[in-house]
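Undergrad:
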Amino acid sequence: MPDTMQATARAVGADVALRVESLTIDIRTKSGVAHIVQDVSFTVAKGEFVGIVGESGSGKSMTLMNLLRLIDNPNLNVSGHVWFDGEDLLALPAKRLREIRGGKIAMIFQDAMTALTPVYTVGWHIAEQLRAHRALSRRAARERAIELLTEVGIPSPELRVDSFPHELSGGMRQRAVIAMALACDPKVLLADEPTTALDVTTQAQILDLIRRLRTVHGSAVVFVTHDIGVISDSADSILVMYAGRVVEQGRTVDVLAAPQHPYTQGLLGSIPTPGASRLTSQLVSIDGSAPTPSEQVVGCAFRPRCAYAFDKCFTVPALRPREGQADDHLDACWLQRQAQMDLRIEAGS
Amino acid sequence: MPTARKADARLIDGTQIAPVLRRRNIVGEVLAAPQAVVALIILVLVTLSAVLAPLYARFVAHTDPFSSQVSATITLGGKAVPVMQQSTTGLKLGVTPIGPTWSGQYFIGADNQGRDVMSRLLYGGRDSLLIGITSAIACCVIALVLGVLAGYVGGIVDGVLSRIFDVLWAFPVYLLAICLSIVLLTSRIAFGPIVIDSSSLILPIAIISIIYVPYIARPLRAQVRSLCQRGFVQASISVGSSNWRIIRRDILPNVMPSVIVYFPIMVALNILIESSLSFLGVGVQPPNASWGTIINDGLPLLYTRPLVSLAPGIMIAVTCVALNLIGDTIRDVLDPQAKIREAV
Amino acid sequence: MGRFILRRALSALVVLFTTSVIAFLLFFVTPGVDPAARIAGRSATPATLAAVRHSFGLDQPLPVQYVKMMQHLFITRDLTSFVNRGAKVVPQIIAATPITLSLVFGTAIISMVVAAAFGLVSAVHKGRFVDPFLMALAVLGISVPVFWLGEIANLLTQGGLHSSVFSWVPPLGYVPLTANIGLWALHLLFPWITMSVLYAGVYSRVLRGEMITTLGEQFIQAARAKGISERRLVWRHAFRCALVPVTALFGLDIGVLVGGAALLTEVVFGLPGVGYLTYQSLQTVDLPMIMGTVIYAAFFVVLMNAIVDIVHARLDPRVRHA
Chain A
259 MPDTMQATAR AVGADVALRV ESLTIDIRTK SGVAHIVQDV SFTVAKGEFV
309 GIVGESGSGK SMTLMNLLRL IDNPNLNVSG HVWFDGEDLL ALPAKRLREI
359 RGGKIAMIFQ DAMTALTPVY TVGWHIAEQL RAHRALSRRA ARERAIELLT
409 EVGIPSPELR VDSFPHELSG GMRQRAVIAM ALACDPKVLL ADEPTTALDV
459 TTQAQILDLI RRLRTVHGSA VVFVTHDIGV ISDSADSILV MYAGRVVEQG
509 RTVDVLAAPQ HPYTQGLLGS IPTPGASRLT SQLVSIDGSA PTPSEQVVGC
559 AFRPRCAYAF DKCFTVPALR PREGQADDHL DACWLQRQAQ MDLRIEAGS
Chain B
74 MPTARKADAR LIDGTQIAPV LRRRNIVGEV LAAPQAVVAL IILVLVTLSA
124 VLAPLYARFV AHTDPFSSQV SATITLGGKA VPVMQQSTTG LKLGVTPIGP
174 TWSGQYFIGA DNQGRDVMSR LLYGGRDSLL IGITSAIACC VIALVLGVLA
224 GYVGGIVDGV LSRIFDVLWA FPVYLLAICL SIVLLTSRIA FGPIVIDSSS
274 LILPIAIISI IYVPYIARPL RAQVRSLCQR GFVQASISVG SSNWRIIRRD
324 ILPNVMPSVI VYFPIMVALN ILIESSLSFL GVGVQPPNAS WGTIINDGLP
374 LLYTRPLVSL APGIMIAVTC VALNLIGDTI RDVLDPQAKI REAV
Chain C
7 MGRFILRRAL SALVVLFTTS VIAFLLFFVT PGVDPAARIA GRSATPATLA
57 AVRHSFGLDQ PLPVQYVKMM QHLFITRDLT SFVNRGAKVV PQIIAATPIT
107 LSLVFGTAII SMVVAAAFGL VSAVHKGRFV DPFLMALAVL GISVPVFWLG
157 EIANLLTQGG LHSSVFSWVP PLGYVPLTAN IGLWALHLLF PWITMSVLYA
207 GVYSRVLRGE MITTLGEQFI QAARAKGISE RRLVWRHAFR CALVPVTALF
257 GLDIGVLVGG AALLTEVVFG LPGVGYLTYQ SLQTVDLPMI MGTVIYAAFF
307 VVLMNAIVDI VHARLDPRVR HA
């Protein structure tokens, strides 16, 4: 099977850009330790587009931020491994990590307004990124900044290079941030909900831009979003996170075609399908709300909201493949395959 | 209505619900900080010593802290010692008040009218604390009224009040206080039958409470203005709540934490400015004494009997450190973003 | 830009006018503050009082008095003191100004350097040992009365220790910068330190707060993600942004101090600056001098406000375009 072969290649391979192994993040608060992220593992192949989907508070952004140890909080405890180029980013000395940040792995943020230091121009930001990793003169950095702004489709870049963040529209700012992130041709681009703060048409443009530049610069992309619809046609593989854990992961086609976890099914069910008749399709909403990190649920975190919960759900299910599904399509649910089948028939009828 | 609001709080848009202070154990949270406990103990001790000053003066020092004692003598080690001692240096002219005896009478010495400095210090604490606290209360109340008025009513009221705040905000408060003091101290003020004597403590209290009003009213006004833009106030307006109800239910509960944060810091500022005014001779007037006036009394004795000036200064510093520590802790608990101008 | 300057100048004039009118009314209209009685002395007969009133022009209608005073102050610049008949107001203020400026700008530099060090170190090492230690010092700084601290400085340097440890400290007073720069600094050293204790305390607290707020902003994480050094992160990103609100407040305080609020330090250290002059004139109810110094204070406050606005716009591009 080609799928299996690729999975093996990913696990061992030379093609791996980034491998995260059992990443766990705890935060100490006055009222005790909260588990924000628990035992998250995934692999990003070179040039691959990985989507991480989850509600707010599911730990997806925390996962992304901590891959580069961006959060400087003594109460935060991060364990696990983030392998990049044979080195564990979580164990790397600060100086070596700085060379990777921005140079090999770059990041773009949800709101470009808050991601750019407000007192500096767009050009200053891009030049700072360039000069952090390349020996460039101020002038050369500025010229390169203009080229990059052109590349991300900002009109009249030689004027815009001197604009301050607040002078640009939301979409333009996000383009500028993307230009900054791609300045040093990173191997991996981490994107933290980069389209969420934008209106729908701009969202599509930014997503297109990221997809296009990915092929030009050959970067892998890890794209975090709460909207599975945004990445369903861009992502090669998908991780679904719920309450700090991965509940389902696999190749996008597999996950979309046969979602195994009731939460994933719920997520997909809540997306309207264009053209579907109102009689046959109904939008499904998931009752209740996700637990906060301080509210610890015994067993599977989705249990209180799950319509199919049973006694086994009081222990945490492990992520594992299912019979009849691709080997790299994993889910963490106790429900038997048969029950799942029934369920889907029920939902469809 | 209130129950319905609460029940729906999590389901509808969060901005529609007034983020009223949760019923928290604020006192408990403040006292969880060790420095706040230490500060509170210090404040209680200082206040007690001031309140109980008559006990010390009457039963330990046997002295009247306000009348001149130039010819008094005390018994030290079985010998009668005059309070004002003949100078032993230079031409042996003039007298020097007795220094610290480290015993009940004249514990830390006498000032140049032969008065027991320790008992004056304790009595002075009464006036300093009284002025500090009452001025802070008056200032916060006036500032709250004006700040809410300017912020909520807006329009011309806001325009005029804001302009006044802006000018006063940038004007040296010392000059303002001194101007007011001199004018009020020299003129006889009468409201019908009530005549305010120039030695009355009401004058420094009134002056000090007025000069800092812009320091509190200005940030409060800004806060009220931004609250008015928020969803829950807009929602109250849209369902036709009365202005009074909106102010009472939505505005006041949300600005009160800031006022509580400002209060201890204001008391400290007031004690400091009172001492400065008294130092310049335009604050507390004799026969009343405050820590500031005692420092002033001690200046001619600075090089011979430095303790007369040192002791009240230390009391001011200790009290203000304690007040500031409590203020900082309350700020961290209630409103970490609250800012107050602390200088000048 | 032209319209901006015009509007500023206009509002400055309004502030100057209002302040002078309020000061005038305060001292001329309030019952009990009778300048003529002050000049004539306690035992003056009604006849001398009337004569004094007439010769000082105090029997004229108030608006006339006000206009005449302003005319003497601004146009002929020969307004003379009521108390000390030979003394002219304008030259006295002009002579006192460099003293106050020396005091305030020295203080500004010292306290800003100390505050930057304290605030930055505290914010970056928030919660570790240095933070509460430095902040305790800052709290002490804002809790000690300035004039008392000055007296202690005098006690130490001019008292018993003056013959030994502090023999290098000159007696109280002022030596102009142009006469001898070394003596100038030496005379001002303790006044600077005294005032800096307060302002370093105030501004290290303000700066720490602003730094902590800024360090919590997303752009700090974003900048860290670029792979720049923590040093650059703290200075070029966090400090640069925290500076914006701090400068606004600092400029205001400098204006207030130059305007006369430094008077306590001036009185304690015997520096004949403008604050001292103001205080003297207030004590003797020397109306022309009061008017002169109050207008001077308002002028500096307005001037500093304008400078603060310009600096603020330089530092924060968001203001520049608003």
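Residue numbers (our numbering), protein chains in the order written: chain A, 259 to 607; chain B, 74 to 417; chain C, 7 to 328. Don't be surprised by glycine CBs; every beta carbon is placed ideally from N, CA and C. None of the values given here were measured: they were computed from a predicted structure.
Can you name the start and end residues of the alpha helix (DSSP H) that Thr402 of chain B belongs to?
TA: Leu380 to Leu407
Undergrad: Could you give the C-beta distance for His168 of chain C and Gly179 of chain C, rounded to a whole number, given that I count them as a contact under 8 Å?
TA: With 8 Å as the limit, His168 of chain C and Gly179 of chain C do not qualify as a contact, their Cβ atoms being about 14 Å apart.
Undergrad: What's the gap between the Cα of Pro615 of chain A and the Cα of Pro177 of chain C?
TA: Because chain A in this structure spans residues 259 to 607, residue 615 of chain A falls outside the shown range and cannot be described.
Undergrad: Name the two residues that bound the continuous beta strand (DSSP E) containing Gln507 of chain A.
TA: Arg503 to Arg509
Undergrad: Taking Cβ-Cβ distances shorter than 8 Å, what residues in chain C pair up with Arg414 of chain B?
TA: Per Cβ cutoff of 8 Å: Leu255.
Undergrad: Using a Cβ-Cβ cut-off of less than 7 Å, list which residues of the segment 222–255 of chain B approach chain C; keep chain order.
TA: Residues passing the 7 Å Cβ filter: Val240, Ala243, Phe244, Pro245, Tyr247, Leu248, Ile251, Cys252 and Ile255.
Undergrad: For Tyr500 of chain A, which beta-bridge partners are listed by DSSP?
TA: A:Arg503
Undergrad: In this structure, how does DSSP classify Asp545 of chain A when only helix, strand and coil are distinguished?
TA: coil
Undergrad: Compare the beta carbon distance of Thr483 of chain A and Asp420 of chain A with 8 Å and say whether it is the shorter of the two.
TA: Taking 8 Å as the cut-off, the beta carbon of Thr483 of chain A is found no closer than this to the beta carbon of Asp420 of chain A.
Undergrad: Since Glu236 of chain C meets chain B, which of its residues come closer than 8 Å, beta carbon to beta carbon?
TA: Under the 8 Å cutoff, chain B gives no residues; its nearest Cβ is about 24 Å from Glu236 of chain C.
Undergrad: Using three-state DSSP, classify Trp364 of chain B as helix, strand or coil.
TA: helix
Undergrad: Just the C-alpha distance for Gln108 of chain B and Asn311 of chain C, rounded to the nearest angstrom, thanks.
TA: 38 Å
Undergrad: Out of A:His475, A:Val340 and A:Phe367, which has the shortest C-alpha to C-alpha gap to Lys223 of chain C?
TA: Checking the sequence shown, residue 223 of chain C turns out to be Glu, not Lys. Residue A:Phe367 is the option with its Cα nearest to Glu223 of chain C.
Undergrad: Thr372 of chain A to Gly428 of chain A, Cα distance in whole Å?
TA: 11 Å
Undergrad: Spell out whether any CB of chain B is found under 8 Å from the CB atom of Asn186 of chain C.
TA: no
Undergrad: Rounded to the nearest angstrom, what separates His519 of chain A and Ile338 of chain B at their Cα positions?
TA: Their backbone Cα atoms lie some 56 Å apart in a straight line.
Undergrad: Along the segment 548–579 of chain A, what residues have a CB closer than 9 Å to any CB found in chain C?
TA: none
Undergrad: Please list the terminal residues of the continuous alpha helix (DSSP H) segment that includes Gly125 of chain C.
TA: Val95 to Val130
Undergrad: At a Cβ threshold of 8 Å, is Gly265 of chain C touching chain A?
TA: Output row for Gly265 of chain C: interface = no.
Undergrad: Contact defined as beta carbons within less than 8 Å: I believe Val240 of chain C pairs with Leu213 of chain C. What is the distance between those atoms, to the nearest angstrom?
TA: No, Val240 of chain C and Leu213 of chain C are not in contact; Cβ-Cβ is about 12 Å, not under 8 Å.
Undergrad: With a threshold of 16 other CB atoms inside 10 Å of the CB of Asn186 of chain C, please say whether the residue is buried or exposed.
TA: A residue is called buried when at least 16 other Cβ atoms come within 10 angstroms of its Cβ; Asn186 of chain C does not meet this threshold and is exposed.
Undergrad: Thinking Val504 of chain A and Ala275 of chain A are a contact (beta carbons under 8 Å), I'd like their distance in whole angstroms, please.
TA: Going by Cβ atoms, the distance from Val504 of chain A to Ala275 of chain A rounds to 19 Å, so no, they are not a contact pair.
Undergrad: Flag this pair as touching only if the segment 483–494 of chain A and the segment 308–319 of chain A have three or more C-beta atom pairs under 8 Å; answer yes or no.
TA: yes
Undergrad: How about the segment 116–132 of chain C and the segment 96–106 of chain B: do they share at least three Cβ pairs that are nearer than 8 Å?
TA: Remark: fewer than three beta-carbon pairs, one from each stretch, lie closer than 8 Å, so the segment 116–132 of chain C and the segment 96–106 of chain B are not flagged as touching.
Undergrad: By DSSP, does Ile181 of chain B sit in helix, in strand, or in coil?
TA: Reduced to three states, the DSSP call for Ile181 of chain B is coil.
Undergrad: I'd like to know whether the C-beta of Glu386 of chain A is nearer than 8 Å to at least one C-beta of chain C.
TA: yes
Undergrad: Between which two residues does the alpha helix (DSSP H) containing Thr163 of chain C stretch?
TA: Val152 to Gln164
Undergrad: Give me whichever residues DSSP pairs with Gly309 of chain A in a beta bridge.
TA: A:Phe481 and A:Ile496
Undergrad: Among A:Gln554, A:Arg472, A:Ser477 and A:His383, which residue has its Cα nearest to the Cα of Val574 of chain A?
TA: A:Gln554
Undergrad: Would you mind telling me which residues of chain C sit closer than 7 Å to Gly248 of chain A, beta carbon to beta carbon, in chain order?
TA: No statement about residue 248 of chain A is possible, as the shown extent of chain A runs from 259 to 607 and does not include it.
Undergrad: Helix, strand or coil: how does DSSP classify Val574 of chain A here?
TA: coil
Undergrad: Does Phe275 of chain C come out as helix, strand or coil in the three-state DSSP assignment?
TA: coil
Undergrad: Which of the three DSSP states, helix, strand or coil, is assigned to Gly179 of chain C?
TA: Secondary structure of Gly179 of chain C (DSSP, three-state): coil.
Undergrad: Which one of B:Arg298, B:Gly198 and B:Leu195 has the shortest CA to CA distance from Gly232 of chain B?
TA: B:Arg298
Undergrad: How far does the beta strand (DSSP E) with Trp174 of chain C in it reach, from first residue to last?
TA: That residue, Trp174 of chain C, is in no beta strand (DSSP E); it is neither H nor E in DSSP.
Undergrad: Can you list, in chain order, the residues of its chain with a C-beta nearer than 6 Å to that of Gly265 of chain C? Leave out the 5 residues immediately preceding and following it.
TA: Ala303, Phe306 and Val307
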